[in-house]
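Residue 312 in the UniProt record's numbering is what sits at position 312 of the sequence shown, and the numbering runs on without skipping anything. The beta-carbon is built from N, C-alpha and C at its ideal position, and this holds for glycine as well.
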Amino acid sequence: MIHFLCSLPRSGSTLLASLLSQRDDTYVSPTSNLGELIASVTRDFNKTKETSNSDAEELFSCLNGLMYGKYKLHKEPVLIDKAREWVHPEALELLTSTLGQPPKIIMTVRPMVECLASLYSISKAVNFSEWFHHSIICESLKESYASFKAGYERYPEYFCLVDYSNLCSQTQVELDRIADFLEIPHVNFNPKIEQVKENDKAWGIKDLHMLEPTIQNDNIDTKKILGEKMFNAFNCGSFWNDEPEPVKEQQPLDFSLEAGLRGEFSKAWDILQEAQRLDPSDNRAAFNLGWYEMRHGNLLKGHKMMERGRIERAF
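Rendered as C-alpha cells:
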C-alpha cells in the first residue's frame, strides 16, 4: 500500500524518513516527482481534440497505475512517497479518487517561527530581508504552510501529525503512533541512522538535509535570529494543536490605519513617516506612505513608494 510523507520545511521530515527507512517492510522515497507526474497526466488526459474524451474513471485507473508503476521495483509492502504537495485539498481529493479510499498522510509539523529561523540559519545568508523576499525555499515554507492549513482544516482525519519536538524527544513513541496509523507492526528504531539521500543542490543550500549524529532538537533562539518584528509577524498559533493566535501588540501601521479610517490623515501621515524614519527598509510603511504622497500631489514619488509594496505583496 502506498502512503505519503509531507512536511513543513525544517520540521524533521528527513529525520523521520530515515527512521522509517530502517523498517524492512517499508520503502520511503527521497523528495518525489510523483505529484508532478500525476498533475501532468491529469492536465493532458483529454487534451487532444481529435480523440474521444475519456471519463474520470479511466483517468483514475491510469493514475493508479502510474502511482504503483513508479515504485514497481521496490518490493516492500509499505511504500511512502515523500513530497509536500499532497497536503493541498485538491491533491487529497485526487488521491482519494485514485486510490479508491482516503490517503494516509504523515505530516511533520513545527511552529512557523522555528521553521523560518532554522532555514535562515542554515542558509548562512547575510541580509535577512533580502533572503526572506527572494529565497526560493522561504517561499516554499509560506506556500507549504498555507496548503497544509487548507488541507488539514478540510480533511483532518487523513493526517497523522508528527511534532518536531516530540520526534526528537520521544522518538519511539512517535514511530509507534505512525505504525498504528498505517496499521503495521511496531518496530524499535536504531539510534545509528543511515540518512536518506536528498538533492540539496535543488535549493542551493549545502547540507540542508544533513542529519546530526544523534537525534536532538536544534533549540534555536528564534527571536534573536529573526528580530522582534519578523518574530511577531510569523509567531502564529499552531492551528493543528488548536493553539490560538497570540495576542499581538499593535504596530505603527495599525495606528496609522485607525487614524486614516477616522479621517485623521495628518496624524496617520505623521505615524507612517516616523515608522519609515525608524526603519527605512519597512516596505509596508513605504507602501502606505505612497498613498499619502499621491494625495499631496507627489505622484511620481508616491508611485515609487507604492512599488515597494510588491515586495511584500501588499496588493
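On the DSSP bridge list, what partners appear for residue i?
i           : result
residue 81  : 4
residue 107 : 6, 161
For residue i versus residue j, is the C-beta spacing smaller than 7 Å?
i           : j           : result
residue 6   : residue 84  : yes
residue 257 : residue 284 : no
residue 220 : residue 135 : no
residue 25  : residue 77  : yes
residue 147 : residue 109 : no
residue 12  : residue 164 : yes
residue 234 : residue 116 : yes
residue 181 : residue 22  : no
residue 53  : residue 64  : no
residue 114 : residue 31  : no
residue 267 : residue 275 : no
residue 34  : residue 70  : yes
residue 89  : residue 150 : yes
residue 287 : residue 302 : no
residue 129 : residue 281 : yes
residue 215 : residue 171 : yes
Give every residue of the same chain whose Cβ lies closer than 6 Å to the Cβ of residue i, excluding the five residues on either side of it in the sequence, and list them in chain order.
i           : result
residue 296 : none
residue 29  : 81, 82
residue 271 : 252, 255, 256
residue 127 : none
residue 132 : 138
residue 187 : 23
Quick check on the DSSP output: the alpha helix (DSSP H) that includes residue i runs from which residue to which?
i           : result
residue 221 : It is not in any alpha helix (DSSP H) - residue 221 carries neither H nor E in the DSSP assignment.
residue 20  : 13 to 20
residue 71  : From DSSP, residue 71 is part of no alpha helix (DSSP H); its letter is neither H nor E.
residue 292 : 283 to 295
residue 140 : 136 to 154
residue 260 : 252 to 261
residue 55  : Unbroken run through residue 55: none, as it is neither H nor E.
residue 242 : Looking at the DSSP string, residue 242 is not in any alpha helix (DSSP H), and its letter there is neither H nor E.
residue 23  : Run containing residue 23: none; DSSP gives neither H nor E here.
residue 100 : Note, residue 100: premise wrong, no alpha helix (DSSP H); not H, not E.
residue 122 : 112 to 123
residue 304 : 299 to 307
Return the first residue and the last residue of the beta strand (DSSP E) that residue i is part of.
i          : result
residue 41 : Element bounds for residue 41: not the beta strand (DSSP E) but the alpha helix (DSSP H), 34 to 44.
residue 29 : 26 to 31
Under 7 Å Cβ to Cβ from residue i, same chain only, skipping five residues before and after it: list those, please.
i           : result
residue 140 : 9
residue 66  : 37, 38, 41
residue 236 : 112, 245
residue 174 : 162, 166, 167
residue 368 : In the structure as shown, the chain begins at 1 and stops at 315. Residue 368 is therefore absent and cannot be evaluated.
residue 145 : 8, 112
By DSSP, does residue i sit in helix, in strand, or in coil?
i           : result
residue 76  : coil
residue 236 : coil
residue 280 : coil
residue 89  : helix
residue 166 : helix
residue 273 : helix
residue 227 : helix
residue 265 : helix
residue 186 : coil
residue 127 : coil
residue 172 : helix
residue 178 : helix
residue 315 : Any answer about residue 315 is weak, because its pLDDT of 47 lies below 50 and its placement is not dependable; what the coordinates show is given next. Of the three classes helix, strand and coil, the one that applies to residue 315 here is coil, per DSSP.
residue 310 : helix
So, for residue i: in the same chain, excluding its five sequence neighbours on each side, which residues have a beta-carbon less than 8 Å away from its beta-carbon?
i           : result
residue 4   : 80, 81, 82, 83, 86, 95, 103, 104, 105, 106
residue 265 : 259, 292, 295
residue 238 : 109, 111
residue 157 : 102
residue 279 : 229, 285
residue 250 : none
Mind checking whether the beta-carbon of residue i lies closer than 6 Å to any heavy atom of the ligand NAD?
i           : result
residue 259 : In the structure on display, the ligand NAD does not appear, and there are no ligands present to speak of.
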